[in-house]
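Scroll down for the structure; my scribbles are underneath it.
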Amino acid sequence: MNVGSGHDGFEGASELLRALSAPIRLAIVSELAAGERCVHELVEKLGVAQPLVSQHLRVLRGAGVVRGARRGREIAYSLVDEHVAHIVADAVSHAGER
């Protein structure tokens, strides 16, 4: 890895890690790794309030981690890139090794 050639990649990685820095966001990404979910499904699975899930989804959307597609009256969320799910799974696995 050539660190001296520029910091653009590091900036992007830093923004991604910042977006993933909340435990609930990691849980949302883990859930979405299994397939798209609507907010009410995430609320049920994670056991947290709807406004909190929506707030964290907004952060993840802003960071380009998730996207939403309207399905009637609901929005189904999915991961933009499956690599993010691997990053989260590896981080969770690594944390469990301590």
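Mind the numbering: the sequence shown is residues 1 to 98 in the UniProt record's numbering, read in order. The beta carbon of each residue, even a glycine, is placed where N, CA and C say it ideally should be.
Residue i, enclosing alpha helix (DSSP H) - first and last residue
i: R71; result: No alpha helix (DSSP H) holds R71; the beta strand (DSSP E) holding it covers V66 to R71.
i: S21; result: Neither: S21 is in no alpha helix (DSSP H) and is coded neither H nor E.
i: G62; result: Q50 to G62
i: H40; result: V39 to L46
i: H86; result: H83 to G96
Length of the line joining the Cα atoms of residue i and residue j
i: A34; j: A91; result: 17 Å
i: Q55; j: S78; result: 16 Å
Status (buried if at least 16 other CB within 10 Å, exposed otherwise) for residue i
i: A19; result: buried
i: R37; result: buried
i: A95; result: exposed
Element boundaries [beta strand (DSSP E), containing residue i]
i: E74; result: E74 to L79
DSSP-derived helix/strand/coil call for residue i
i: G35; result: coil
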